[in-house]
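Numbering (this note's numbering), first residue to last: 7 to 557.
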Ligand SMILES: Cc1ncc(C[n+]2csc(CCOP(=O)(O)OP(=O)(O)O)c2C)c(N)n1
Ligand SMILES: [Mg+2]
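And the structure:
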């Protein structure tokens, strides 16, 4: 068997069904071999970055790995942003790059380049992968692929990169397997002392992070909070770990979080952090203020995070599944007084709604629009959201029902994520998905309109056009004397609806909430990609923008 065929069989045997790619000479054999298995769907996008984001979207939703593939040199570098996005958000994507013939690889690090399109992608991606390796011989293919697959899905998941020289792809290989047990680690399984902390606290609060979805533990999590009756705030990545139907949900914390959620966080005396990295957008820069008057308990499968930005008062290095199992098994009678933060927060939220952050906008209030989108698309699979002000409006005000997902490039914050990620999400879970992006993000990913045309995913794509790169413009307004370099001056937007039309995609334009409602109603019954361009006033801001301690 040739190595290229072995790799294809390996993917099939391990349940990998989707390979996203842009073609190239160094990957043509691999793509051909994968296609010939007839069990792998090869989806070609118009940019390797989009292929990477599509794989990321697929794996986030399915929880199983998918593949993004690019050719050597520029194909490989174009994958790097998606590799980093998958790494920071812990998504198990297998990146495969073709590499030039081994004879063409440079002989040492001092030589700049040897072969055409030769590039050290392993070196470049080392800091943003769990594992990356150039295959050195046909004999090691099996071991390296097994190891990579195991590492991408075990512990805290993440991307791996396998770089396969073209000559090795065509060598003969005997089938061989290895058992990956040797990579397993041991973890905490006893949480009894945490129980006494909960019993002794007055105002406990759970901070739900992205780890809950990654552990496929939303049901276990919901059982846990119901049994313990502890209110919940979420991080951006944890937004879809709890349905808005839950009476225990308060809201999202952070510098762009809901005021009422930040207020609850400030007042809590015991913060139980479940699978959250606690990055600066969640805690603010002043960690002392974040910690003030509370005990912080972190449960995380990644022990490097527990001692990371915010040290845990007591470290629990464990999978969330083990933690929830333990909590499920013990005897516990919930304390109604523990709901005090929840009651206060909900009362406060009545007077300080998101829409009221900017009550006198001329035109569409983005928070009101998000609430209306949630009403109109309650039956959708979820939302895939890009990066900018629109991302914060969506995170603050979308109401996630049932098992609806919220996907965004959280840790990397990569513009251009949403359209390709929606394609992958739709492959993993067919049905209506709602994509929300800004005019800046749309211009980064517009070439994928042609991919949409070919693939025909069921997407309602909402472009929030405020005619600016609003997130940065807001920063310039607040900190740089309203000099809008690159965000308004030297920046412009096309007529997106017309662009969509040129690609043969159905499109709409709206400037009022009523027009939006009518269009969404019509779009709900369609099962094809539709682009809806909505005029948002340039004055609309992402608010509140809190330093921690603000309310
Ligand atoms: C690839 C990339 N480049 C630059 C940035 C910096 N950045 C963050 S938000 C933003 C503006 C996004 O503009 P738009 O899509 O119009 O969204 P808006 O903020 O207007 O809602 C920029 C440039 C980024 N996050 N990612
Ligand atoms: Mg914009």
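Here a beta-carbon is modelled for each residue, glycine too, at the ideal position from N, C-alpha and C.
(message) Following a CB-centred definition, is residue 474 positioned closer than 7 Å to any heavy atom of ligand 1?
(response) Checking the Cβ of residue 474 against ligand 1 gives yes.
(request) Enumerate, from N- to C-terminal direction, the unbroken beta strand (DSSP E) stretches of 3 or more residues contained entirely within the stretch 308–367. (result) Counting only runs of 3 or more, we get 320–323.
(message) Less than 8 Å between the beta carbons of residue 381 and residue 443, yes or no?
(response) A distance of 8 Å or more separates the beta carbons of residue 381 and residue 443.
(message) I need the DSSP call for residue 557, collapsed to helix, strand or coil.
(response) Because residue 557 carries a pLDDT of 49, less than 50, the predicted location of this residue cannot be relied on, and the following value inherits that uncertainty. Here residue 557 sits in coil by DSSP.
(request) Give a yes or no on whether the C-beta atoms belonging to residue 175 and residue 36 are separated by under 8 Å. (result) It is a contact, given that the beta carbons lie within the stated cut-off.
(request) Identify whether residue 189 lies in helix, strand or coil by the three-state DSSP scheme. (result) Caution is warranted here: a pLDDT of 47 is assigned to residue 189, below 50, making its placement in the model unreliable, and the coordinate value is therefore given only provisionally. Helix, per DSSP.
(request) Have a look at 310, 273, 311 and flag the residue whose alpha-carbon is nearest the alpha-carbon of residue 295. (result) Here the closest residue by C-alpha is 273.
(request) For the beta strand (DSSP E) holding residue 530, just list the boundary residues, first then last. (result) Looking at the DSSP string, residue 530 is not in any beta strand (DSSP E); the run it does join, the alpha helix (DSSP H), is 519–530.
(request) Taking the CB atoms as reference points, tell me whether residue 75 and residue 33 lie closer together than 8 Å. (result) Inclusion of residue 75 and residue 33 in the CB contact set at 8 Å is warranted, their separation being smaller than that value.
(request) Check residue 497 in the structure and name its three-state DSSP category. (result) Coil at residue 497, not helix or strand.
(request) For residue 528, count neighbouring C-beta atoms within 10 Å of its own C-beta (all shown protein chains included) and say buried if the count is 16 or more, exposed if not. (result) Under this definition residue 528 is an exposed residue.
(request) Give the secondary structure of residue 15 by DSSP, where H, G and I count as helix, E and B as strand, and everything else as coil. (result) Judged by DSSP in its simplified three-state form, residue 15 adopts helix.
(request) State the Cα-Cα distance for the pair residue 72 and residue 178, rounded to the nearest angstrom. (result) Distance between the alpha carbons of residue 72 and residue 178 is about 25 Å.
(request) Classify residue 451 as helix, strand or coil using the three-state DSSP reduction. (result) Here residue 451 sits in helix by DSSP.
(request) Count the CB pairs spanning the stretch 47–64 and the stretch 106–125 that are closer than 8 Å, and state whether there are at least three. (result) Result no; under three Cβ-Cβ pairs closer than 8 Å.
(message) Rounded to whole angstroms, what is the Cα-Cα separation between residue 402 and residue 256?
(response) Spanning the two alpha carbons is a distance of roughly 11 Å.
(message) Taking 8 Å as the limit between beta carbons, can you name the residues of its chain near residue 189, skipping five residues before and five after?
(response) Unreliable positioning characterises residue 189 in this predicted model, as indicated by a pLDDT of 47, which lies under 50. A coordinate reading is not provided.
(message) Please report the straight-line C-alpha distance between residue 526 and residue 46, rounded to a whole angstrom.
(response) So the two alpha carbons sit approximately 34 Å from each other.
(message) At the level of alpha carbons, what is the spacing between residue 331 and residue 264?
(response) If you take the alpha carbons of residue 331 and residue 264, they lie about 31 Å apart.
(message) Quick check: the Cα distance between residue 165 and residue 223, rounded to an integer number of angstroms?
(response) Answer to the nearest angstrom: the Cα atoms are 21 Å apart.
(message) Can you check which of these residues, 428, 30, 17, 65, is closest to residue 42 by C-alpha distance?
(response) With distances taken between Cα atoms, residue 42 lies closest to 17.
(request) May I have the straight-line CA-CA distance separating residue 421 from residue 446, to the nearest angstrom? (result) So the two alpha carbons sit approximately 8 Å from each other.
(message) Can you check which of these residues, 416, 368, 48, is closest to residue 29 by C-alpha distance?
(response) Ranked by Cα distance from residue 29, the first of 416, 368, 48 is 48.
(request) May I ask whether a heavy atom of ligand 3 can be found less than 7 Å away from the beta carbon of residue 344? (result) With respect to ligand 3, the structure shown offers nothing to examine, as its ligands consist of ligand 1 and ligand 2.
(request) Provide the residue span of the beta strand (DSSP E) that contains residue 74, from first to last. (result) Element bounds for residue 74: 72–76.
(message) Please tell me whether residue 394 and residue 258 are closer than 8 Å, where the distance is taken between their beta carbons.
(response) Result no, Cβ atoms of residue 394 and residue 258 do not sit closer than 8 Å.
(message) Short of 6 Å in beta carbon distance, which residues of its chain neighbour residue 308, apart from the five on each side in sequence? Order them along the chain.
(response) By the criterion of a C-beta distance shorter than 6 Å, residue 308 is surrounded in its chain by 162, once the five residues flanking it on both sides are discounted.
(request) Compare the C-alpha of residue 399 against each of 366, 384, 434, 359 and name the closest. (result) Ranking 366, 384, 434, 359 by Cα distance to residue 399 puts 359 first.
(request) Could you tell me which residues DSSP pairs with residue 413 in its beta bridges? (result) In DSSP, residue 413 forms a bridge with 390.
(request) Determine the burial state of residue 557: buried for a count of at least 16 other Cβ atoms within 10 Å of its Cβ, exposed for fewer. (result) Model confidence at residue 557 stands at a pLDDT of 49, short of 50, so the residue's coordinates are unreliable; what they give is reported in the following sentence. Around the beta-carbon of residue 557, fewer than 16 other beta-carbon atoms lie within 10 Å, marking it exposed.
(request) Going by CA-CA distance only, name the one from 291, 326, 293, 239 that's closest to residue 305. (result) For residue 305, the nearest C-alpha among the options comes from 326.
(message) Quick check on DSSP: helix, strand or coil for residue 37?
(response) Residue 37 falls in the helix class under three-state DSSP.
(request) Using only the heavy atoms of ligand 1, determine whether one of them is closer than 7 Å to the beta carbon of residue 95. (result) The answer is no for residue 95.
(request) Can you have a look at residue 118 and say buried or exposed, based on whether 16 or more other CB atoms are within 10 angstroms of its CB? (result) Classification for residue 118: exposed.
(request) May I have the straight-line CA-CA distance separating residue 324 from residue 489, to the nearest angstrom? (result) Put simply, the backbone Cα of residue 324 is about 48 Å away from that of residue 489.
(request) Just the C-alpha distance for residue 89 and residue 135, rounded to the nearest angstrom, thanks. (result) Rounded to whole angstroms, residue 89 to residue 135 spans 7 Å at the Cα level.
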